[in-house]
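First the structure, in the form of structure tokens, and then the observations on it.
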Amino acid sequence: MTQDLARIRAFVQVFDAGGFSAAARQHGRSKALLSKYVTDLEDYLGVRLMNRTTRKLSLTEAGEAYYREASGLLQQLDDLDATIADQTTEPRGLLRVSAPRNFGETTLSPAIFEYLKKYPKVSLDLRLEDRYVDLVDEGIDVALRISTLSDSSLIARKIADMHVVAGASPTLLKSVGAPKHPEDLRHLPCIVDVNLQGQSNWRFIEEGKTISVPVTGPLRVNSPLAARTAAILGLGFVVLPSYLADPAVAAGELVPVLASYLPTGQKLQAVYPHRRHLAGKVRALIDHLVDWFAVHPIT
Numbered sequence: 045m046t047q048d049l050a051r052i053r054a055f056v057q058v059f060d061a062g063g064f065s066a067a068a069r070q071h072g073r074s075k076a077l078l079s080k081y082v083t084d085l086e087d088y089l090g091v092r093l094m095n096r097t098t099r100k101l102s103l104t105e106a107g108e109a110y111y112r113e114a115s116g117l118l119q120q121l122d123d124l125d126a127t128i129a130d131q132t133t134e135p136r137g138l139l140r141v142s143a144p145r146n147f148g149e150t151t152l153s154p155a156i157f158e159y160l161k162k163y164p165k166v167s168l169d170l171r172l173e174d175r176y177v178d179l180v181d182e183g184i185d186v187a188l189r190i191s192t193l194s195d196s197s198l199i200a201r202k203i204a205d206m207h208v209v210a211g212a213s214p215t216l217l218k219s220v221g222a223p224k225h226p227e228d229l230r231h232l233p234c235i236v237d238v239n240l241q242g243q244s245n246w247r248f249i250e251e252g253k254t255i256s257v258p259v260t261g262p263l264r265v266n267s268p269l270a271a272r273t274a275a276i277l278g279l280g281f282v283v284l285p286s287y288l289a290d291p292a293v294a295a296g297e298l299v300p301v302l303a304s305y306l307p308t309g310q311k312l313q314a315v316y317p318h319r320r321h322l323a324g325k326v327r328a329l330i331d332h333l334v335d336w337f338a339v340h341p342i343t
């Protein structure tokens, strides 16, 4: 069985590398051994799998069919080996994580630092920035995002619910009055955090149904902290994550509005590239964050 797998793996490695010499260099094996394994496999199957010339290597029709099944089989075996290894070894190695700047600085960092204390063999590259990060191109293992998943090549797991608050400064409320219904916001100045709400539509819950209200105003910004500052200064109404709104409300800098029409909340999600096997250090982080925010909810 072991010899059979060695022959199958050699066949897949040679085709993936584009030739025997390249496969030998990539995998630290001799070209002669790889050639022998592929020839033995063809002899065993009684069919030619590869067309070999001095300049080009290609698969026969039988080779194409065999490659599809063989490469899938080897991937499953490798994933199984990795899964068992993760269950029996402590998470370790470099972990690259991306998260929104303000959320990372104020709320996420304590949870992340506890993870590092829990798993001292993991080293962390934590990137806090308010932009869309391409996980594959930039080598990110997992991203924490406060949004819905739009990329079908990625997988998302919910970490926690995030509540949001609509509010304005006391001076603005004194000037224009408090809205009695979400539709009133159509005619009032609003500050849009594009990271939180995306397009200029704010969503509220009315009698169990979601209503969407288009808003306009003097500022669109990709930072909830900047949006909060603008609202405190009286530039407009704002919808903020509760972890940013609550301190300003407690200080009397913002006043909640439309509390009976609870704005629809957001979800904190862990997003990672699609692959059969999820690295143990990534799975451990996601499980840790779920447990952490269950005890320390994002209120």
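Going by my numbering, 223 is the number at position 179 of the sequence shown; the sequence numbering is gapless. Quick reminder that beta carbons are idealized off the backbone N, C-alpha and C, glycines included.
Give the DSSP-derived three-state secondary structure of residue i in the structure shown.
| i | result |
| --- | --- |
| L193 | For L193, the pLDDT reaches just 49, beneath the cut-off of 50, and the residue's location in the model is therefore unreliable, although a value from the coordinates is still provided. Here L193 sits in coil by DSSP. |
| Y316 | strand |
| T150 | helix |
| D178 | coil |
| I199 | strand |
| V326 | helix |
| P268 | helix |
| G211 | strand |
| I184 | coil |
| L333 | helix |
| F55 | helix |
| V259 | coil |
| I358 | Residue 358 cannot be examined here, being either before or after the span of the chain that is shown, 45 to 343. |
Check each candidate in the options and name the one with the smallest Cα separation from residue i.
| i | options | result |
| --- | --- | --- |
| C133 | S115, T151, V166, L117 | According to the sequence displayed, residue 133 carries Thr and not Cys. Checked all of S115, T151, V166, L117; the closest Cα to T133 is V166. |
| K253 | Y305, I203, P233, V141 | Y305 |
| R247 | V265, H225, N266 | H225 |
| L288 | L269, A274, A275, A67 | L269 |
| A50 | A66, S65, K80 | K80 |
| F55 | G90, Y88, M94 | M94 |
| M206 | D290, K161, L168 | D290 |
| V177 | L168, R145, P164 | R145 |
| D84 | I52, F59, R99, L101 | I52 |
| N239 | Q57, A271, L217 | A271 |
| L322 | L198, P214, V265 | L198 |
| V91 | Y110, S74, T97, R73 | Y110 |
| E182 | P164, S142, Y163 | S142 |
| A274 | I330, R230, G324, T215 | T215 |
| E86 | T97, D48, A67 | D48 |
| I190 | D228, G148, H231, L229 | G148 |
| D174 | V265, A66, E108 | V265 |
| D335 | K202, I249, L179 | K202 |
| L217 | T150, L277, E250, L170 | L277 |
Quick check: residue i and residue j, are their CB atoms within less than 8 angstroms of each other?
| i | j | result |
| --- | --- | --- |
| P258 | S244 | yes |
| Q70 | A61 | yes |
| R140 | I184 | yes |
| G261 | V220 | no |
| A303 | L333 | no |
| I342 | A200 | no |
| Y88 | V186 | no |
| L188 | L312 | yes |
| L3 | P233 | What is shown of the chain runs 45 to 343, which leaves residue 3 out entirely. |
| A328 | Y163 | yes |
| S74 | A68 | yes |
Just to confirm, does residue i get its C-beta within under 7 angstroms of one of the non-hydrogen atoms of the ligand ATP?
| i | result |
| --- | --- |
| R201 | The model on display carries no ligand, and the ligand ATP is accordingly not part of it. |
Cβ contact check for the region 209 to 216 and the region 280 to 294: 3 or more pairs under 8 angstroms
yes
Do the region 155 to 168 and the region 292 to 302 touch if we need at least three Cβ pairs shorter than 8 angstroms?
no
Segments of 4+ residues assigned as alpha helix (DSSP H) that fall wholly inside the region 215 to 247
238 to 241
Extract the residue ranges of the beta strand (DSSP E) inside the region 270 to 317, only unbroken runs of 3 or more that lie entirely within it.
281 to 285, 310 to 317
Ignoring anything shorter than 4 residues or poking outside the region 58 to 131, list the alpha helix (DSSP H) runs there in chain order.
64 to 71, 75 to 89
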